[in-house]
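All letters in the sequence shown, in the order written, are residues -26 to -1, 1 to 424 by mature numbering (1 follows the signal peptide of the UniProt record, and there is no 0). Glycine included, C-beta positions come from ideal geometry on N, C-alpha and C. Below is one structure; the comments refer to it alone.
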Amino acid sequence: MPATMTSRVLLLVGVVLTAHKFLCTAYVGGDGFSVEFIHRDSVKSPYRDPSLTAPARVLEAARRSTSRAAALSRSYSRADAPSADGAVSELTSRPFEYMMAVNVGTPPTRMLAIADTGSDLIWLNCSNGAGAPAPAPPPGVQFNSSNSTTFGLVSCGSGACRALPEASCADSKCGYLYSYGDGSQSTSGLLSTETFTFADDQGNRGDRAMRVANVNFGCSTTMIGSFIGDGLVGLGGGDLSLVNQLGADTSLGRRFSYCLVPYSINASSVLNFGPRAAVTEPGAATTPLIPSEMKTYYTVDLRSVKIGNKTFAAPQQYPVIVDSGSTLTYLANELVDPLVKELTRRVKLPPAKSPEELLPLCFDVSGVGEGQVAAMIPDVTLELGGGAAVTLKSENTFVVLHEGTLCLAVVALQFPPVSIIGNIAQQNMHVGYDLDKGTVTFAPADCASA
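Here it is, written out as structure tokens:
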């Protein structure tokens, strides 16, 4: 554990947090805590475009997914390549889908940040007196470190600084520069420590809060390009992610879970930490995490894809990333081609043209009831390592991209070597990541009532 992480957890009663326009609750107790996991197109998101129809929002998400898959592939393929630019680390993605609220400092400032399973470092838009503050694009918030009594800087010789892929040193302070994959965006600043508070600001739970001191995070004072949100909370498998820091610094363990509501439902998803992240629902299937070139990514072994009595074997030793930030699922041609053929044979609906030719198979569902459509689409089963079998219902495999046009949300891999199980495939599932045990668990769940 880094020297800068000599932290403690306090259970506070009667804490009143600074008001913020985003209603993002957190439930805290001895069994862990939960926060809202807000989709960027949710009515609770300040980045929702009210002019778009529901299908148009899904189409935009599909476009973002393609960009993200390309960025994941670039970072994966460069994992072993040294940087030629000194203290530069490539962020694994630009597009994102989910956000969470974080309460930073003493007194706390509430910020709405990207929550990303494909990143590690926590960084926030802030000013620490080390340079001109980065502007906070509306409706963004900036953390003013000079107003906090618990803010600190990380030294170059600390374990936290050494955990950065690359770091720079000036006056014994640990600096970083993170650049996005296409080079159009970057953020830089000083690695810092601060108190993060996860609290229930709804009185029916007693105003309790969990306070974690000395969390390592990037205090970003310079940003180039257009950013959405007040920063980024890394939920990946690396040492500096929130998951690993909570596990090293509290009794919660290195585990988290989420339950993603379908796009069609106007409700927030939930993100759990600690014992509350245990997946115990009936039908839970657990698969081991496998070694990956990128420690950040949660990688599992896909053995085959099954529809009814038809089984399509995956290429030998076929790793896939489980990713909440990718909308679509990306698999090898050897799996997608027979999957499309079998679905075409089984689904008795007229074909339709794919919008922008993004997806490989579409049907015309004009005038057909939603329940009727769901009954016509067979389950697809992903058979994973360790004997786990994850059943995908129609809501996990198909989406409406245009009014009356239903399309398969599984596409052929365009960006080797990365295959991805995206968030549509994870809707209405409780998905738990346990870094201590080295497993990922999937279970069917009604996430809207979770």
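- Closest in C-alpha terms to arginine 228, from the list Leu33, Ala422, Leu409, comes Leu409.
- DSSP places leucine 220 inside the alpha helix (DSSP H), whose first and last residues are 216 to 223.
- Bounds of any beta strand (DSSP E) do not take in serine 368; it lies within the alpha helix (DSSP H) bounded by 368 to 371.
- Alanine 141 places its beta carbon less than 9 Å from that of tyrosine 150.
- Taking asparagine 370 as the centre and dropping the five residues before and after it, the same chain places the C-beta of Ile398, Ala399, Gln401 closer than 7 Å to its C-beta, in chain order.
- Just so you know, the alpha carbons of glutamate 34 and methionine 403 end up roughly 23 Å apart.
- Judged by DSSP in its simplified three-state form, lysine 147 adopts strand.
- Distance from the CA of arginine 136 to the CA of leucine 164, rounded to the nearest whole angstrom, comes to 13 Å.
- Cβ-Cβ separation between asparagine 99 and glycine 79: approximately 13 Å, too far for a contact (criterion under 8 Å).
- Rounded to whole angstroms, the gap between the alpha carbons of isoleucine 202 and isoleucine 88 is 8 Å.
- With a cutoff of 9 Å on beta-carbon distance, phenylalanine 247 and phenylalanine 7 are scored as near each other.
- Selection Val189, Asp23, Val235, Ile395 evaluated against alanine 306 yields Ile395 as nearest (Cα-Cα).
- In chain order, Ala326, Ser328, Thr379, Cys381 place their CB closer than 6 Å to the CB of cysteine 336, counting only its own chain and leaving out the 5 sequence neighbours on each side.
- DSSP lists Ser231, Thr415 as the beta-bridge partner residues of glycine 406.
- Taking C-beta atoms as the reference points, isoleucine 351 and serine 368 count as a pair closer than 9 Å.
- In this structure, the straight-line span from the alpha carbon of isoleucine 12 to that of threonine 318 is close to 34 Å.
- According to DSSP, aspartate 90 shares a beta bridge with Gly208.
- Contact check for leucine 206 and aspartate 90: beta-carbon distance about 6 Å, within the 8 Å limit, so the pair qualifies.
- Under the three-state reduction of DSSP, valine 392 is assigned to coil, being neither helix nor strand.
- Looking at the backbone, the Cα of valine 235 and that of methionine 73 are separated by about 14 Å.
- Between threonine 303 and valine 253 the beta-carbon gap is near 20 Å, outside 8 Å, which marks them as no contact.
- When secondary structure is reduced to three states using DSSP, arginine 22 falls in the coil class, being assigned neither helix nor strand.
- With a threshold of 16 other beta carbon atoms within 10 Å, arginine 250 meets it and is buried.
- Excluding sequence positions up to five before and after glycine 360, its CB lies within less than 6 Å of the CB of Thr261, Pro262, all in the same chain and listed in chain order.
- Serine 166 is positioned such that its CB atom lies no closer than 9 Å to that of glycine 211.
- The beta carbons of threonine 195 and serine 162 sit closer together than 9 Å.
- Shown here, aspartate 338 sits in a strand according to DSSP, grouped into three states.
- A direct Cα-Cα distance of roughly 7 Å separates glycine 257 from proline 418.
- Distances from the alpha-carbon of proline 139 to those of Gln116, Ser122, Ser93, Met184 put Ser93 closest.
- In the structure shown, the three-state DSSP call for proline 262 is strand.
- Minimum Cα-Cα distance from glutamine 291 among the listed residues Leu358, Thr270, Val321 corresponds to Leu358.
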